[in-house]
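**Q** Before we start, here is the structure in question, set down as structure tokens.
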Amino acid sequence: MTRVDFEYDHATVIPVPGADLGSGDVGAWAHDAAARLAGIHGFTPTQTDALAGALARAQAAAVDDPSTNLLMYEPTSGAWGPIRLTLTGWEPDADEQRRYLWPASVLAPRVRHAPTAGLGEGCSSTVMDEDGRGSVRWLFQTTDASFFAVLGPMEAAGIAFAATRVEELLDSIRLGDAPWTASARFDVGSLIAPPEGAEGSWRL
């Protein structure tokens, strides 16, 4: 699979190494990564220990995961959110695209046009869960390949700020020698419109 390379803010994002850690000491990696961020933001020892524990659990889950996983700290709200980046060698059809961007939600998902420099045309969908947390999904699609990104779930107060940071990261991604050309199966104008018959159906 093509490697996903990107630029990120080292003061707010911790990449989870997954299989790249190999036989390395998970606890030592998690402790060092937590201490580095704690030094930047002045976390208490209790906060630092909690972060190290969360990173160790994230690493354990990422070992067999082909996606790229990261943990983001949003300093304005103090919220944390996981990020998952997935490159696939297939294209979702129109129904699959809609199910991804318009999932069940407490409020109607906010779907918008979200292009980037390297991945070309894209859509994002902001979703609120029943427990008051939120998440944002992104979809980019070229011929015979797709790129999915998910932020969250995380505290709703941090979603808008964190999503802006994630879009800066997504804008830095380059896959191949040229920017993606949108697939003929990827109709942004259709995707950002609410599904037919959905008006008034969202739970409040």
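Here the working numbering = 1-based position in the sequence shown + 11.
Think of the CB as a built atom: it goes at the ideal place given N, C-alpha and C, for glycine as much as any other residue.
Please read all numbers here as calculations on a predicted model, not as lab measurements.
1. Does DSSP put Ala125 in a helix, a strand or coil?
2. Is the Cβ-Cβ distance between Ser194 and Thr137 less than 7 angstroms?
3. Could you check what DSSP says for Phe172 in three-state terms: helix, strand or coil?
4. Would you mind sorting Gly211 into buried or exposed? The rule is 16 or more other CB atoms within 10 Å of its CB.
5. Ala72 and Gln58 look like a contact to me (Cβ under 8 angstroms); what is the Cβ gap, rounded to whole Å?
6. Write down every uninterrupted run of the beta strand (DSSP E) in the segment 74-115 whose length is 3 residues or greater and which is fully enclosed by it, in chain order.
7. Quick check: is any heavy atom of the ligand PLP less than 6 angstroms from the C-beta of Ala41?
8. I'd like to confirm the pairing. Which residues does DSSP put opposite Glu132 in its beta bridges?
9. Excluding the 5 residues flanking Gly169 on each side, which residues of the same chain have their C-beta closer than 6 angstroms to its C-beta?
10. Please report the distance separating the alpha-carbon of Leu215 from that of Leu118.
11. Can you list, in chain order, the residues of its chain with a C-beta nearer than 8 angstroms to that of Leu66? Leave out the 5 residues immediately preceding and following it.
12. Taking DSSP as the reference, what is the three-state secondary structure of Glu178?
13. Would Ile51 be called buried (16 or more neighbouring beta carbons within 10 Å of its own) or exposed?
14. Use the C-beta contact count for Arg176: other C-beta atoms within 10 angstroms, 16 or more gives buried, fewer gives exposed.
**A** Let me lay it out:
1. Ala125: coil per DSSP, three-state reduction.
2. Inclusion of Ser194 and Thr137 in the CB contact set at 7 angstroms is not warranted, their separation being larger than that value.
3. If DSSP states are grouped into helix, strand and coil, Phe172 belongs with the helices.
4. With a pLDDT of 40 at Gly211, under the threshold of 50, the predicted position of this residue should be treated as unreliable, though the coordinate-derived value follows. Classification of Gly211: exposed, given that the 10 Å Cβ count is below 16.
5. For Ala72 against Gln58, the beta-carbon gap comes to about 21 angstroms, at or over 8 angstroms, which does not count as contact.
6. Within the segment 74-115, the complete beta strand (DSSP E) runs of at least 3 residues are 79-85 and 90-99.
7. Absence of the ligand PLP from the depicted structure is noted, as is the absence of any ligand whatsoever, leaving it without description.
8. Per DSSP, none; premise fails for Glu132.
9. When the five nearest sequence neighbours on each side are left out, the beta carbons in the same chain lying within less than 6 angstroms of the beta carbon of Gly169 are those of Glu85, Ser88 and Ala90, in order along the chain.
10. Here Leu215 scores only 32 on pLDDT, less than 50, and its place in the model is too uncertain to base an answer on.
11. Listed in chain order, the non-local C-beta contacts of Leu66 below 8 angstroms within the same chain comprise Ile25, Val27, Trp40, Ala41, Ala44, Ala45 and Leu82, local neighbours out to five positions each way being set aside.
12. For Glu178, the secondary structure class from DSSP, reduced to helix, strand or coil, is helix.
13. Ile51 comes out exposed.
14. With 16 or more neighbouring CB atoms inside 10 Å of its own CB, Arg176 falls in the buried class.
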